[in-house]
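Novice: The structure follows.
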Amino acid sequence: MTLNDQKRIISLWMQFLDGNEIAFSQLYCLFFDDLLIYGRRVGGDNEMVEDLIQDLFLKLYQKKITLEDNTRLRPFLFRALKNLIYNQLLRNSKLQPLPDYDFSFDLNYTIDDQLFLTQDQGLSDEVYRMLKGLTGRQKEIIYLRFIHEMSFDEISEIMEINIQSARNLLARSMEKLRKEAILAIILFFI
């Protein structure tokens, strides 16, 4: 995200807080696609995520939530959507009848393999295999850092970890990919 994009977001947010409904509509349009894609990757289906994004923006509109730092709107929206999806999936799990065997609902905030890694993206089988070997949190941090170009400060807020942990997680993720790439190259020449 460029400095101009961030300035535009802050400007629209401030205009909205001052009562400009058009600015609010522009914020919604500006964030909708990124939030939808992220929400699907966190674990929600299209319809549920769309509904939750609308709920999120409705709450913003009704309550005119003020942030301590107006530059933090983007990570706030991502984290809020993630929490809404978690709560919705938790509610849905309580509505499902439990099977007879020992069942534990394990919801984690990960980027879905099927959405993150598809052959349609032109990834080679080897690259696909390497990325598939990452943990959900590793995929999520790579997605936030390189697809959405978020800062470590923003990532730490969304993933609810401290900044140094975010840096370490990304470094470990990239190191794992490097090792896998080197191994693939060596095996190619053997």
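Throughout the sequence shown, residue numbering follows full-length UniProt numbering, covering 1 to 190 in sequence. Don't be surprised by glycine CBs; every beta carbon is placed ideally from N, CA and C.
1) Glycine 39 and leucine 52 look like a contact to me (Cβ under 8 Å); what is the Cβ gap, rounded to whole Å?
2) On a CA-only basis, which of Phe76, Leu27 and Gln62 is nearest isoleucine 158? Give me that one, please.
3) Quick one: Cα of asparagine 20 to Cα of methionine 14, how far?
4) Within 10 angstroms of the Cβ of asparagine 4, are there 16 or more other Cβ atoms? Answer buried if so, exposed if not.
5) Within 8 Å (strictly less), CB to CB, does aspartate 125 reach chain B?
6) Flag this pair as yes or no: are the beta carbons of serine 165 and glutamine 138 separated by less than 8 Å?
7) Within a Cβ cutoff of 7 Å, which residues of the same chain sit near isoleucine 10, ignoring the five residues on either side of it in sequence?
8) Using only CA atoms, which one of Leu170, Lys64, Gln54 and Thr66 lies nearest to isoleucine 85?
9) Can you tell me the Cα-Cα spacing of isoleucine 186 and isoleucine 65, whole angstroms?
10) What does a CB cutoff of less than 6 Å around glutamate 180 pick up in its chain, not counting 5 residues either side in sequence?
11) Quick one: Cα of aspartate 45 to Cα of phenylalanine 146, how far?
12) Rounded to whole angstroms, what's the CA-CA distance from glutamate 126 to serine 25? Just pull it up for me.
13) On a CA-only basis, which of Leu89, Gln62 and Leu36 is nearest phenylalanine 78? Give me that one, please.
14) Buried or exposed for glycine 43, going by 16 or more other Cβ atoms inside 10 Å?
15) Might you give, ordered along the chain, the residues of its own chain that have their beta carbon closer than 8 Å to the beta carbon of alanine 80, omitting 5 neighbours on each side?
16) Can you give the Cα-Cα distance for leucine 12 and glutamine 62, rounded to whole angstroms?
17) Look up glutamine 121 in the DSSP assignment and say whether it is helix, strand or coil.
18) Out of Arg74, Ile190 and Gln88, which one is the CA nearest neighbour of aspartate 153?
19) Is the beta carbon of leucine 170 sitting closer than 8 Å to the one on isoleucine 141?
20) Which of the three DSSP states, helix, strand or coil, is assigned to asparagine 162?
Specialist: Put simply:
1) With a contact defined as Cβ atoms closer than 8 Å, glycine 39 and leucine 52 qualify at about 7 Å.
2) Nearest of Phe76, Leu27 and Gln62 to isoleucine 158, Cα basis: Phe76.
3) Whole-angstrom Cα-Cα distance: 9 Å.
4) Counting Cβ neighbours within 10 Å, asparagine 4 comes out exposed, since fewer than 16 surround it.
5) Going by chain labels, chain B is absent from the structure shown, which holds only one protein chain.
6) Taking 8 Å as the Cβ cut-off, serine 165 and glutamine 138 do not qualify as a contacting pair.
7) A distance below 7 Å between beta-carbons, with the five flanking residues on each side excluded, links isoleucine 10 to the following residues of its chain, in chain order: Asn70 and Thr71.
8) It is Gln54 whose Cα lies nearest to the Cα of isoleucine 85.
9) Looking at the two C-alpha atoms, the distance is approximately 54 Å.
10) For glutamate 180, same chain residues with a beta-carbon under 6 Å away, outside a window of 5 residues either side, are Met130 in chain order.
11) Rounded to the nearest angstrom, the two C-alpha atoms are 23 Å apart.
12) Going from the Cα of glutamate 126 to the Cα of serine 25 covers about 43 Å.
13) Of Leu89, Gln62 and Leu36, the residue nearest in Cα terms is Leu36.
14) Around the beta-carbon of glycine 43, 16 or more other beta-carbon atoms lie within 10 Å, marking it buried.
15) Residues of the same chain with a CB within less than 8 Å of the CB of alanine 80, apart from the 5 flanking positions on each side, are Leu56 in chain order.
16) If I take the Cα positions, the gap works out to 17 Å.
17) Confidence in glutamine 121 is poor, its pLDDT being 49 and thus under 50, which makes the residue's placement too unreliable to answer from.
18) Of the listed residues, the one whose Cα sits closest to aspartate 153 is Arg74.
19) Yes.
20) Asparagine 162: coil per DSSP, three-state reduction.
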